[in-house]
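Report on one structure; see the data block that follows.
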Amino acid sequence: MALLSRKKELIEYMNTNHASKLPDIAAFFEVSVMTIRRDLLQLEKQGFCTINRGTVYLNAGTTLELSSSLKNSQMLKEKKRIAKRAVQYITEGTTIFLDMGTTVRELVYEIVPMKNVTVITNSILVINILCNFPHLTCLIAPGTLNHNSMGFFDAVTCAYFKEISVDAAFLSAEGADIDAGFTVPDMDDAECKRILAQKAAHITILADSSKIGKKSLVRYSDFDLVDRFITDNKCDVSVLEK
Numbered sequence: 000m001a002l003l004s005r006k007k008e009l010i011e012y013m014n015t016n017h018a019s020k021l022p023d024i025a026a027f028f029e030v031s032v033m034t035i036r037r038d039l040l041q042l043e044k045q046g047f048c049t050i051n052r053g054t055v056y057l058n059a060g061t062t063l064e065l066s067s068s069l070k071n072s073q074m075l076k077e078k079k080r081i082a083k084r085a086v087q088y089i090t091e092g093t094t095i096f097l098d099m100g101t102t103v104r105e106l107v108y109e110i111v112p113m114k115n116v117t118v119i120t121n122s123i124l125v126i127n128i129l130c131n132f133p134h135l136t137c138l139i140a141p142g143t144l145n146h147n148s149m150g151f152f153d154a155v156t157c158a159y160f161k162e163i164s165v166d167a168a169f170l171s172a173e174g175a176d177i178d179a180g181f182t183v184p185d186m187d188d189a190e191c192k193r194i195l196a197q198k199a200a201h202i203t204i205l206a207d208s209s210k211i212g213k214k215s216l217v218r219y220s221d222f223d224l225v226d227r228f229i230t231d232n233k234c235d236v237s238v239l240e241k
């Protein structure tokens with residue numbers, strides 16, 4: 000199993016097995032204790048887990064955010080399906096905002112065939128794709144780079160968003176809960192999203208079903224303030240109905 004894939008699987012394993020011994024984890028992944036310890040020490044440095052006396056605990060607080068490289072391999076089929084639905088709400092000649100996040104990134108591939116779309120973004124993932132397609136206009140928001148989100152956001156980013164207007168904003172979320180609304184781990188990111196939600200004519204939130212029922216630190220929008228929420232069907236039907 001590749002290192003990146005194993006890290007993702009390790010986080011999922013710890014989420015299910017809240018306190019696990021190193022030998023048990025090594026046996027589960029069929030690698031040596033030394034190998035699994037090395038992987039877990041890297042995750043511990045990133046704040047994802049704590050190792051204490053040979054037992055590993057997942058740090059699952061509301062400020063925890065997986066790096067984009069780890070999130071990129073999760074639920075990829077669902078993210079692509081979400082993107083294919085979302086592109087139906089984009090027409091030629093419009094200006095759109097594309098947020099950070101691996102689900103929103105999939106939407107870029109869907110708009111590539113279009114010829115007259117202006118994209119405003121603070122996402123490096125989006126920029127890296129758009130730079131290969133000069134027929135699409137790309138405006139890049141300024142700010143401080145957040146390495147987990149692979150995007151720019153701070154007070155400067157917020158000020159920039161206050162000066163623009165877009166036809167449609169496609170936003171991401173770390174959590175989507177009936178009571179908590181749409182949430183993210185960072186206050187500056189949340190403020191940027193609040194401003195965009197006010198400036199956009201239409202607001203669409205893209206998030207796979209692993210985010211449903213999850214609560215992150217800061218709420219940036221309630222459900223009734225967005226035009227549509229696009230997710231997949233791997234969620235409890237009763238929750239989707241609500």
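Just so you know, we're using numbering that gives the first Met the number 0 here: the sequence shown kicks off at 0 and counts up by one.
Beta carbons: idealized from backbone N, C-alpha and C, even for Gly.
Between GLY53 and LYS79, the gap from beta carbon to beta carbon reaches 8 Å or more. Pairing MET13 with VAL55 gives a Cβ-Cβ distance under 8 Å. Counting along the chain, LEU124 sits inside the alpha helix (DSSP H) bounded by residues 123-129.
With contacts defined by Cβ atoms closer than 8 Å, LYS7 and ASP38 do not form a contacting pair. Residue range 18-20 is occupied by the beta strand (DSSP E) that includes SER19.
Per DSSP, the unbroken beta strand (DSSP E) holding VAL55 starts and ends at 54-57. Beta-bridge pairing by DSSP links SER220 to PHE181.
For VAL118, the enclosing beta strand (DSSP E) covers residues 117-120. Annotation note: the region 152-208 contains the following uninterrupted alpha helix (DSSP H) runs of length 4 or greater, listed N- to C-terminal: 154-161, 186-198.
HIS134 and ILE35 have their C-alpha atoms spaced approximately 46 Å apart. Per the DSSP secondary-structure output, ASN51 pairs in a beta bridge with THR54. Per DSSP, reduced to three states, the secondary structure at THR94 is strand.
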